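2 protein chains.
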Amino acid sequence: MNPIITSLLDMDFYKFTMGQFAFLRYPKIRVKYAFKNRTKGIRLARAIDLEAIREQLNHVRTLRPTKSELHYLRGTNEYQDRMFVEPYLEFFANLQMSDFQLYADKEGNIVLEFEGNWSEVIYWETLALSIINELYFQSLMKNASRFQKETLFSEGKIRLARKISLLKQHPLITFTDFGTRRRFSRDWQRYVVEVLAEEMPGQFIGTSNTKLAMDFGLLPMGTSAHELDMVMSGVMHGSDDEIRESHQKMLREWWDLYGQGLSIALTDTYGTDFFFRDFTVDQARQWKGLRQDSGDPIAFGEKAIEYYKGKWANPKEKLLIFSDGLDTETIIKIFKHFHDRIKVSFGWGTNLTNDLRLIALSLVVKVTESNGHGTVKLSDNLAKAMGRPEDVERFKRIFGYTGAEYTECKV
Amino acid sequence: MNPIITSLLDMDFYKFTMGQFAFLRYPKIRVKYAFKNRTKGIRLARAIDLEAIREQLNHVRTLRPTKSELHYLRGTNEYQDRMFVEPYLEFFANLQMSDFQLYADKEGNIVLEFEGNWSEVIYWETLALSIINELYFQSLMKNASRFQKETLFSEGKIRLARKISLLKQHPLITFTDFGTRRRFSRDWQRYVVEVLAEEMPGQFIGTSNTKLAMDFGLLPMGTSAHELDMVMSGVMHGSDDEIRESHQKMLREWWDLYGQGLSIALTDTYGTDFFFRDFTVDQARQWKGLRQDSGDPIAFGEKAIEYYKGKWANPKEKLLIFSDGLDTETIIKIFKHFHDRIKVSFGWGTNLTNDLRLIALSLVVKVTESNGHGTVKLSDNLAKAMGRPEDVERFKRIFGYTGAEYTECKV
Chain E
2 MNPIITSLLD MDFYKFTMGQ FAFLRYPKIR VKYAFKNRTK GIRLARAIDL
52 EAIREQLNHV RTLRPTKSEL HYLRGTNEYQ DRMFVEPYLE FFANLQMSDF
102 QLYADKEGNI VLEFEGNWSE VIYWETLALS IINELYFQSL MKNASRFQKE
152 TLFSEGKIRL ARKISLLKQH PLITFTDFGT RRRFSRDWQR YVVEVLAEEM
202 PGQFIGTSNT KLAMDFGLLP MGTSAHELDM VMSGVMHGSD DEIRESHQKM
252 LREWWDLYGQ GLSIALTDTY GTDFFFRDFT VDQARQWKGL RQDSGDPIAF
302 GEKAIEYYKG KWANPKEKLL IFSDGLDTET IIKIFKHFHD RIKVSFGWGT
352 NLTNDLRLIA LSLVVKVTES NGHGTVKLSD NLAKAMGRPE DVERFKRIFG
402 YTGAEYTECK V
Chain F
2 MNPIITSLLD MDFYKFTMGQ FAFLRYPKIR VKYAFKNRTK GIRLARAIDL
52 EAIREQLNHV RTLRPTKSEL HYLRGTNEYQ DRMFVEPYLE FFANLQMSDF
102 QLYADKEGNI VLEFEGNWSE VIYWETLALS IINELYFQSL MKNASRFQKE
152 TLFSEGKIRL ARKISLLKQH PLITFTDFGT RRRFSRDWQR YVVEVLAEEM
202 PGQFIGTSNT KLAMDFGLLP MGTSAHELDM VMSGVMHGSD DEIRESHQKM
252 LREWWDLYGQ GLSIALTDTY GTDFFFRDFT VDQARQWKGL RQDSGDPIAF
302 GEKAIEYYKG KWANPKEKLL IFSDGLDTET IIKIFKHFHD RIKVSFGWGT
352 NLTNDLRLIA LSLVVKVTES NGHGTVKLSD NLAKAMGRPE DVERFKRIFG
402 YTGAEYTECK V
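Here it is, written out as structure tokens:
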């Protein structure tokens, strides 16, 4: 077995910021995460050997952060001085990654679930996704000759060169690698990140991959994920009002812990319209900006500008981070549309770290239960919605969700 | 200095077959070879540092064949049992490569000349060409970033993959690497040859590069060059008849030395029309075939088929080797046109070993003097003609040359 994950820092940085939040505030909240393949027509359990996944996941459970990795986390001051507190670092240093459930259902889907204390199981998300992606692409290339494999990487390099060349024509565009979860392979993400760091240091401003940030001296980047809202809905679960208020409670607690440093709000858990109704005047002025992760990015940006103007906040001082299914063309289009009206940057995932010639998958690991309750994500694109049907209906009502967009998830 | 040539076998195999011919028959004939750049508009001495060329050439002069390399030559039996005789191997084992003249003329052209006994200076041709080509492409890439260089090789791999994929659709097409003299670099030719050997062993039947043939266990391939005719014209120099007869004399002596094994005749030194007038009925029937190196390949093939029919030789038993500026499309076109009427194969040079994204050069090293007389090559394309104008005019008359084609040399 050739281990895919060889470092516990080979995961998205937001797992640590959210992980510390979970550790400090809700360490014993019971949660369940589940793997989901959003790409239709691919029966993953028939493409990938389940035992190979099991071996890889079990290997992750043998890992512990090294001293240098802990030093790196301790030394992180990009967002807030010594943002990781000593009790958390000690907890993470000794963390035994939780066990998991893995089997194939009758339709050939992979069922993979992680259950336990939020503070402990939170780390599986990107690790599991990196593993399943890499095993899938290994399986596609199983019968390829050495040269056919090289040709694939050559194609990837040509495509990367094209991205660099086009983006250099817009030197004010900045972006971040968000591709750990969807990467073709660990080595390919590393290659892409190293090339970008060398070729366009002024525009490529960081990576969500903590290990790559550490190894190449890049900015470790991350905001937060839907799971914050979703777990909090379980914590506060009860009446409609309690559930609705869980969103605002999460925003306040996140701000209390990290202040301005990590104040990029993810807007679409329950639909962006609700978000803008819920986000207060003070938050509009204090928080650095917003992350767009579903729906129409241009419509979103226009809404955000209107929203800020309505709160007497200057949009030009606010930052929108776009992270939904980007490619070079959409990045340039969004940048051109907004750049003189509001700050924009891009969190580029699948199409950055998995653009060779093979079609990428749309895989996610999402929290499905929190504190004994089913969780819900509505999203601005119903193809990305998650939750039990009855819960989804209730949450739509609670959050006044009226969105109707349904766009198949390509990435 | 990073030596480009690290082995005296890193040259075309025909230098050894012709080298033995020179050694056994005309060891003391004085000849002069000159480098020529046929690509218009490129002032090579301004692109390449002359001292770098000098260093590389001087490094070649320090080389001697290794014991294993001599074993390899001694063991060559693909064309004739023990085709290299012991005195020749001993001569080559101790050969000190001759000195050279190197300077830049006022127009910025490189002047590079080799003068001495034919048996000794014959070896410089492909060595010098490999060196100048590689230094030229190094100079083009001088300011490229590491990734830009990688992108170039990626482009080369994609183009190579396309060649392989197209040629595999015609599994009866066979071809040989003839690209030593025009290669982008030593390492790139090695890469291309290794890939072809792995990916299409049934169609890629050998390489002209003796070292690569040895290292990868491939067939060392080669026929003969214009220099045989050209040197012989000097040996026989005198009346028009004597010069005209030098062509037939060379054919006979070559046959006497190597028999059927190396009986592929190069037809265009003095124009293919003369060749067909000069080549006898016995030769038509005995010799394996012909090599086409200039002019229209389809017209040539048609002429050859007519010629063979006229001599009561069966074209289906004859082999045409095409080697003039081939690419995938021309190979397929020529193959489709002829394959059921006469055997065809291809000696693929520039476009095989130097198809990245940079424009290749048309460089040659040709014999210009033999035995005190100017030599002439007419060719079926006057853009490839060589010789002093007055000599060219005389040779045209002697050989009844009426060709008028002039097509710029791209490769």
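Chains as they are written, first to last, in the numbering used here: chain E, 2 to 412; chain F, 2 to 412.
From the three backbone atoms N, C-alpha and C, an ideal C-beta is built for every residue, glycine too.
Since the structure is predicted, the reported quantities are computational estimates derived from the model, not experimental observations.
In chain order, Q261, S264, I265, K319, L320 place their CB closer than 8 Å to the CB of K289 (chain E), counting only its own chain and leaving out the 5 sequence neighbours on each side.
Taking a beta-carbon distance threshold of 8 Å, V196 (chain F) counts as an interface residue toward chain E.
Excluding five sequence positions before and after R160 (chain F), the CB atoms of its chain that fall closer than 7 Å to its own CB belong to D356, given in chain order. Taking one beta carbon from each stretch, the segment 161–180 of chain E and the segment 73–81 of chain E have fewer than 3 pairs nearer than 8 Å; the two do not touch. Proximity of T329 (chain E) to chain F, defined by a Cβ-Cβ separation below 8 Å, is not satisfied. With its beta carbon less than 8 Å from one in chain F, F148 (chain E) belongs to the interface. Restricting attention to F:M142, F:T152, F:S247, F:Q139, the CA atom closest to the CA of F396 (chain F) is found in F:S247. Pairing T181 (chain E) with S140 (chain E) gives a Cβ-Cβ distance that is not under 8 Å. Going by beta carbons, L103 (chain E) and L64 (chain E) fall outside the 8 Å limit.
Judged by beta-carbon spacing, L113 (chain E) lies beyond the 8 Å limit of V61 (chain E), meaning their Cβ atoms are not closer than that value. The three-state secondary structure of D269 (chain F), taken from DSSP, is coil. Contact between S186 (chain E) and F217 (chain E) fails: their C-beta atoms lie close to 17 Å from each other, not under 8 Å. Contact annotation for K158 (chain F) against chain E: E151, T152, S155 [CB-CB distance below 7 Å, chain order]. The Cβ of A145 (chain E) sits no closer than 8 Å to any Cβ of chain F. The criterion of a C-beta distance shorter than 8 Å is satisfied by T268 (chain E) and R292 (chain E). Secondary-structure assignment with DSSP links T208 (chain F) through a beta bridge to F:D178, F:P221.
For A226 (chain E), there are no C-beta contacts with chain F under 9 Å, since the nearest C-beta of that chain is about 32 Å from it. A Cβ-Cβ distance of about 6 Å is found for the pair M231 (chain F) and S371 (chain F), placing them in contact under the 8 Å criterion. Sorting F:A53, F:E409, F:V86, F:D13 by C-alpha distance to the C-alpha of N3 (chain F) places F:A53 at the top.
At a C-beta separation below 7 Å, E200 (chain F) has these neighbours in chain E: S146, F148. By the criterion of at least three beta-carbon pairs nearer than 8 Å, the segment 42–49 of chain E is not in contact with the segment 237–254 of chain E. Following the DSSP letters along the chain, one finds N118 (chain E) inside the beta strand (DSSP E) bounded by residues 111–118. Contact between L229 (chain F) and M19 (chain F) holds, with the beta-carbon distance rounding to 6 Å and staying under 8 Å. According to the DSSP assignment, K317 (chain E) belongs to no alpha helix (DSSP H), since it is labelled neither H nor E. At a Cβ-Cβ threshold of 8 Å, F176 (chain E) and S295 (chain E) do not count as neighbours. The continuous beta strand (DSSP E) containing E370 (chain E) extends over residues 364–371.
Proximity to R31 (chain E) across E:N38, E:E56, E:E121 peaks at E:E121, based on C-alpha coordinates. At a cut-off of 8 Å between beta-carbon atoms, A162 (chain E) makes contact with chain F. Only residues of its own chain outside the window of five on either side were considered, and among them D178, G180, V193 have a CB closer than 7 Å to the CB of L353 (chain E), listed in chain order. Per the coordinates, the alpha-carbon of M84 (chain E) lies some 8 Å from the alpha-carbon of R75 (chain E). Taking the Cα positions, K107 (chain F) is about 32 Å away from T7 (chain F). Separation of F24 (chain E) and S324 (chain E) (C-alpha to C-alpha, rounded to the nearest whole angstrom) is 27 Å. Pairing F101 (chain F) with P88 (chain F), the inter-Cα distance amounts to about 26 Å. Secondary structure within the segment 13–78 of chain E: the alpha helix (DSSP H) runs of 4 or more consecutive residues, fully enclosed, are 15–26, 45–48, 51–62, 68–75 (chain order).
Rounded to whole angstroms, F93 (chain E) and A361 (chain E) show a C-alpha spacing of 32 Å. For W349 (chain E), the enclosing beta strand (DSSP E) begins and ends at 344–349.
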